[in-house]
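Chains as they are written, first to last, in our numbering: chain A, 1306 to 1668; chain B, 1306 to 1668.
The C-beta atom is built at its ideal place from N, Cα and C for all residues, glycine as well.
Written out below as structure tokens is the structure these notes cover.
There are 2 protein chains.
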Amino acid sequence: MQKKLTINDIARMAQVSKATVSRVLNRHASVDPVLRERVMDIVQEHNFVPNVTATELANGRTRLIGVLAPPLNWPAIPEIMHGVSEYIETTPYEVVLYSMNLERNHSDVLDRILAMRMVSGLLAILPGGLSSHLDTFFQQGLPLVMIDDQKEPTHIPWVGIDNFSSAYEATNYLLQLGHRRIAHIMGPRHYYCALQRLEGYQQALLEAGIPLEPDLLLQGEFEPASGRRCAEMLFAQDRGTWPSAIFVGNDQMAYGVLEVAEERKIQVPEAVSIIGFDDNLLSAHMRPPLTTMHQPFMEMGYQATKLLLNMIDPEHVHKPEQKWQAFSSSLPDTTKNDHSSRIQIPTHLVTRTSSGAFHPRLL
Amino acid sequence: MQKKLTINDIARMAQVSKATVSRVLNRHASVDPVLRERVMDIVQEHNFVPNVTATELANGRTRLIGVLAPPLNWPAIPEIMHGVSEYIETTPYEVVLYSMNLERNHSDVLDRILAMRMVSGLLAILPGGLSSHLDTFFQQGLPLVMIDDQKEPTHIPWVGIDNFSSAYEATNYLLQLGHRRIAHIMGPRHYYCALQRLEGYQQALLEAGIPLEPDLLLQGEFEPASGRRCAEMLFAQDRGTWPSAIFVGNDQMAYGVLEVAEERKIQVPEAVSIIGFDDNLLSAHMRPPLTTMHQPFMEMGYQATKLLLNMIDPEHVHKPEQKWQAFSSSLPDTTKNDHSSRIQIPTHLVTRTSSGAFHPRLL
DNA sequence: TATACCACAGAAACCGGTTACTGTCAATAC
DNA sequence: GTATTGACAGTAACCGGTTTCTGTGGTATA
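Have a look at this one:
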């Protein structure tokens, strides 16, 4: 790449000091309009763009935000990232992607990342085991937002959904279809969202006057294989004990359940209704298409990024450097607590063919 | 965040000059082992990590590579990005994600990005219309790798597949199943890959002694709606003129074709065999599951990143700063031209239920 | 006309590193 | 015993900007 122009080159060409060039570029008021014009002409003529690194060093802050994410081929992550990108595009910031693979404890990596002072803020997507570590950084003043963490609520700014209400709504939907024996395949108990969903499920049953039946509660790992395993347990006994509907803790596990049903020729939804949670991209294409609770992942990414940037510099919203037009969010009023640091985004039920009215079963 | 330690602080504490501290940190040989030890102790005691920005400014290069990608919710992009992350993790580099949305011509944005000198190299995923613009940068010395660009081959380092051979293989597969009337729904003609796939298809037919029939060649836009449109045209006429198999230019269009078949109660594969191209994640879950030509997207991301980093600094491979273990690529010998700057990665056919042997049709 | 003030631009310090150059001291050569 | 050399650490320049401080000239005020 050809040698890059520096502010000194511009200064020389314009016959002014580099200080003046800097002031012109940063739109300081204290520059004579005539001079400003002359300098700007030269800047534009040569397509001069100041070196970011130098600017960042001088300013003591970067225009980078770190995004800590699970592997991008996980479900939902691309959608979240899409929302992140949509918002970032309206700002002068860029995203540094830290993709963490698997269970390895990345806290040392995290330490270095943050110690280097490369990013001015961090967006942590499903931080999982890292969240307590992140807490430390937040205490120390690092601008930080979590998306859908799976621990207890903390004071850390957070964007996610109301798992309790969503699960409550999902279960109620099955109740309204006439189901009474409703099983639940929950996620791992160490995930806060799994517990919340369980509670929503239980609350709905209790309100309907249906006693909780331990046999109808199983625990999986939030991935298809465990869904299979649980489904096999549910269908292992004699047909009279089967549930007529299953509320599965997430879509991934529901896929496993659907597979078992297909293998065993158990009709869905005629013999058993199945409802998932998440609305992953695949869910609309299952056999049969999966009824599920939709999580607005893209919106979550968008809102989380917005929140983070407001923490980093509250002014940026109105700066002229805005790269492009603002994203026309279709959900201006749906985000409760717009000014709080915990944003809950509404979910909604997507009814597809995997769920249907209860039919008394022919034994 | 608490005030960060600088190299000066360390120098003061160790009673040496900052130059010495710098030399210790960069493992220069010309430091007395005893002194080195003393400095390192202090560095470790305080968890000192040098400020990246300052380092980058002094060195005149950053440890960032830019990844120019379509929106992450596009098919295949997450898989490619996953491969990118896998490789990046083995290096001291990080990824800056430039997600470009839609058709907007981003060349001005690109100009600024590169003028700022923020990234030391660029990985362009499906650059499309931007590729000629990128060419200019490459000429000027910017380390650049393209993944699966859709223009004519250039001298720009590139990672992709052999579209001609893959299409040839796909078509041959249908021929071997006994099909003779094989339609092709191609992608837009301005995509080089679409042309290559067309040629592969034609070549296979010609070699089988089957004349090309213009009615059996349609053109779509690489997305589902156009697949629907083309399918409707194919099935518009009297049943005798239908193809017994359709080679669809990509999976997205094949989804549209499957929809039309389902609506019209045309049995797949009994009445018509369908084969796609790409093997997107959804394809295994179609009704029926789609036979398709698998593109190893993750491997493409991995190889492209490797190629790019070798261009940027050929030494990095053996540096001790390697963040983690090397990625154990399962395909060490499958990449032809390992030292060239055009890497073709092998595809393979994935046979699922949407394709089957030719049955003479009952009229 | 002298003084105060203001507008504006340049000089220089600074951000936090790296590195060319310089200087010191001890070991080796003559 | 002096000259030469080499090992090593410190000084200072440098990367390319931003910003504080200083200085100049013009205008308003007394």
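The alpha helix (DSSP H) runs of length 4 or more contained entirely in the segment 1453-1519 of chain A are, from start to end of the chain, 1468-1481, 1497-1512.
About 7 Å separates the beta carbon of A1429 (chain B) from that of I1452 (chain B), a gap short enough to meet the 8 Å contact definition.
Secondary structure of D1618 (chain A) (DSSP, three-state): coil.
Excluding five sequence positions before and after A1381 (chain A), the CB atoms of its chain that fall closer than 8 Å to its own CB belong to D1583, N1585, Q1600, F1602, given in chain order. For V1450 (chain B), the CB contacts under 6 Å within the same chain, skipping 5 residues up- and downstream, are L1428, P1462, A1609, L1612, L1613 in chain order. For F1552 (chain A), the closest alpha carbon among the candidates A:R1544, A:A1499, A:G1446, A:A1541 is that of A:A1499. In its own chain, leaving out the 5 sequence neighbours on each side, no residue places its CB closer than 8 Å to the CB of G1365 (chain B).
For L1595 (chain A), no Cβ of chain B is located within less than 8 Å of the residue's own Cβ. When C-beta distances to chain A are compared with 7 Å, every residue of the segment 1427-1443 of chain B stays at or above that value. With respect to the 8 Å criterion, N1555 (chain A) and G1514 (chain A) are not classified as neighbours on the basis of their beta carbons. In the DSSP assignment, R1647 (chain B) falls within the beta strand (DSSP E) that extends over 1647-1649.
DSSP lists A:H1599 as the bridge partner or partners of H1653 (chain A).
By DSSP's assignment, I1370 (chain B) forms a beta bridge with B:V1400, B:G1426.
When Cβ pairs closer than 8 Å are counted between the two stretches, the segment 1327-1337 of chain A is seen not to touch the segment 1395-1405 of chain B, the count staying below three. Beta-bridge partners of I1551 (chain B) (DSSP): B:A1488, B:I1579.
Burial state of Q1455 (chain B) is buried, judged by a 10 Å Cβ sphere holding 16 or more other Cβ atoms. Residues of the same chain with a CB within less than 8 Å of the CB of V1348 (chain B), apart from the 5 flanking positions on each side, are I1315, V1326, V1329, L1330 in chain order.
Chain B has a Cβ within less than 8 Å of the Cβ of E1394 (chain A). By the Cβ neighbour-count rule, P1519 (chain A) is exposed, with fewer than 16 other Cβ atoms within 10 Å of its own.
The Cβ atoms of L1362 (chain B) and L1587 (chain A) lie no closer than 8 Å to each other.
By the Cβ-count criterion, P1548 (chain B) is buried, with 16 or more other Cβ atoms from all chains shown falling within 10 Å of its own Cβ. Within the same chain, Cβ atoms closer than 8 Å to the Cβ of T1546 (chain B) are found at D1520, the five residues on either side in sequence being excluded.
Just so you know, the alpha carbons of L1419 (chain A) and M1605 (chain B) end up roughly 30 Å apart.
Between the C-alpha atoms of L1517 (chain A) and T1658 (chain A) there is a straight-line separation of about 26 Å. As DSSP reads the structure, M1605 (chain A) sits in no beta bridge.
Checking the DSSP bridge columns, you'll see L1587 (chain A) has no partner listed. Only residues of its own chain outside the window of five on either side were considered, and among them L1435, H1438 have a CB closer than 7 Å to the CB of L1415 (chain A), listed in chain order. When secondary structure is reduced to three states using DSSP, M1451 (chain B) falls in the strand class.
A direct Cα-to-Cα measurement between S1531 (chain A) and L1482 (chain B) gives close to 38 Å.
The C-beta of T1358 (chain A) comes closer than 8 Å to at least one C-beta of chain B. Contact between T1652 (chain A) and T1596 (chain A) is absent: CB atoms are separated by about 13 Å, not below the 8 Å threshold. For Q1557 (chain B), the secondary structure class from DSSP, reduced to helix, strand or coil, is helix. By the C-beta density criterion, V1464 (chain B) is buried, having at least 16 other C-beta atoms within 10 angstroms.
With its beta carbon at least 8 Å from every one in chain A, H1460 (chain B) lies outside the interface. As DSSP reads the structure, L1523 (chain A) sits in a beta bridge with A:I1490. For D1416 (chain B), the three-state secondary structure derived from DSSP is helix.
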